[in-house]
Every structure is written in C-alpha cells, then in structure tokens.
C-alpha cells in the first residue's frame, strides 16, 4: 500500500476545504526530501481538483502587504503571498528559528495567474537537475535552478510549466524562461523564488529581496 506523506495529506486536506495541518502527521520540509513518486502524483491530482473557494481560504496565510509589484522576473504586477522567513502556513516543518511551532519558508511566493510569463532577471546558466542542491518534488516537477557567476548564488524557480530553457543553457537577462503554474502548490498558481549559495540546499537559502527587486505600483 502506498505511503502518504504529510505534504500529500495537507494537499488533500485543503482540497476538502480545511486549511490546517493534519493532526499527528509529521510535516514535510519545503524541499520535499524523502517523498515517493506516488505521493507526487497524488499532490498533482489533488491540486488540480481543488475548488477555487478552498484556495481562497489559503489566503489567510498571505502577507498583509496588499500592494502589487513589478519585477524583471515576471510579466505584469502581482501581490506577495508568503514571504521569506517564519510563517503560520501549514506546509512546512516547525523550525527552531520560529515561535509558536511555525515553519520557515525558504523563498518568496508571488501570486500570479497560471501561464504568467517568467523571465531571467540576470544573466545566468541553467543548473543540471542532479547537481548538488537538487530540488525535491514540493517545488513542482519542472522547477529548475539558475546559477549566477556574478553573485555566486543559485536562483530556484519553482511551480512552473512550459520551461523554455535546458540544463547548461546560458540565459540572457530578460529571456523568457518558463510560465507560472500551480504544480505541487496547494495554494494556487504562483512563482516560488528562492536564493541559495551556489550548490547549496534549501537549508542555506538567503533572503531574496535584493535579487528579485520588487518595484511598487499602485493597485
């Protein structure tokens, strides 16, 4: 019998309209380490079936900032969802850095419609999937990393579809890379933008603000 991971149980819980951790379940890390392929399939199916009302309920975990932002990394202007750092969102392991058993989010989530165009904010090179710091299924099956020789960091681009770049490709600033999706994202379509030292894991992630360079606009 296949084993359900905590992340899968959370996705199924959200599908049923309950935005809370599953009692007694060990929470899954944001990197998705240790999950099995069957759970990834279940996650995708549950997310696809989740009603809009359920995803709207997940907004309780969004940041209070209601401004819309431009960035070189995506088309249009969009709101922030879950910021880098401690969060009450039920998708992450309790972290010793956070009070009240909260988890730690290792990137910045920006809400946007599925299919939104994603661009390279800097000149980078696509990292091979199997290179050190490889991504787990919680980022979505098409997630990828971009390495910056200038800043000595990797940019994680999570929850995407229709990826237009391949491992080893040199990506120009402003080049179309992919489109946003809700792959492995129980809270709907968004861009997960994460910054790590080159070759690092999610545990070494650093604040993304200086790299995503959000620019404020009016509602």
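Numbering (the working numbering), first residue to last: 2 to 220. Yeah, the Cβ is synthetic: ideal placement off N, Cα and C, and Gly gets one too.
Taking 8 Å as the limit between beta carbons, can you name the residues of its chain near residue i, skipping five residues before and five after?
i           : result
residue 216 : 70, 71, 72
residue 113 : 75, 77, 79, 181, 190, 191, 192
residue 218 : 68, 69, 70, 71, 78
Out of the options, state which residue places its alpha-carbon closest to the alpha-carbon of residue i.
i           : options            : result
residue 201 : 210, 189, 128, 65  : 128
residue 64  : 75, 76, 80         : 80
residue 92  : 197, 177, 140, 214 : 140
residue 66  : 159, 110, 103, 208 : 110
residue 159 : 99, 198, 103, 145  : 145
residue 197 : 187, 103, 210      : 210
residue 204 : 60, 130, 108, 161  : 108
residue 131 : 218, 206, 168      : 168
residue 134 : 95, 206, 218       : 206
residue 138 : 103, 186, 60       : 186
Would you mind reading off the limits of the alpha helix (DSSP H) that contains residue i?
i           : result
residue 213 : 210–213
Leaving out five residues on either side along the sequence, give the residues of the same chain with a beta carbon under 7 Å from the beta carbon of residue i.
i           : result
residue 125 : 147, 148, 149, 156, 172
residue 165 : 177, 178, 179
residue 62  : 83, 88, 89, 90
residue 99  : 87, 105
residue 163 : 179, 180
residue 199 : 148, 153, 154, 155
How is the beta strand (DSSP E) around residue i delimited, first residue to last?
i           : result
residue 149 : 145–149
residue 178 : 177–181
residue 110 : 109–112
residue 78  : 75–79
residue 87  : 86–88
residue 197 : 191–198
residue 117 : Note, residue 117: premise wrong, no beta strand (DSSP E); not H, not E.
residue 104 : 104–106
residue 70  : 69–72
residue 216 : 216–218
Could you tell me if the beta carbon of residue i falls within a distance shorter than 6 Å of some heavy atom in the ligand FAD?
i           : result
residue 204 : Judged by which ligands are present, the structure shown has none, so any question about the ligand FAD falls away.
For my contact list, residue i and residue j are in at a C-beta cut-off of 8 Å; report their separation, rounded to the angstrom.
i           : j           : result
residue 181 : residue 136 : Actually they do not touch by this definition, with Cβ atoms about 16 Å apart.
residue 1   : residue 184 : Any question about residue 1 goes unanswered here, given that the chain covers just 2 to 220.
Going by beta carbon distance, what residues of the same chain come within less than 6 Å of residue i, once the five residues before and after it are set aside?
i           : result
residue 151 : none
residue 116 : 180
residue 174 : 121, 123, 124
residue 170 : 127
Is the CB of residue i under 7 Å away from at least one CB in chain C?
i           : result
residue 132 : Among the chains in the structure shown there is no chain C, since it carries only a single protein chain.
(message) Could you tell me which whole beta strand (DSSP E) segments of length 3 or greater appear in the region 122–166?
(response) Listed in chain order, they are 125–127, 145–149, 154–159.
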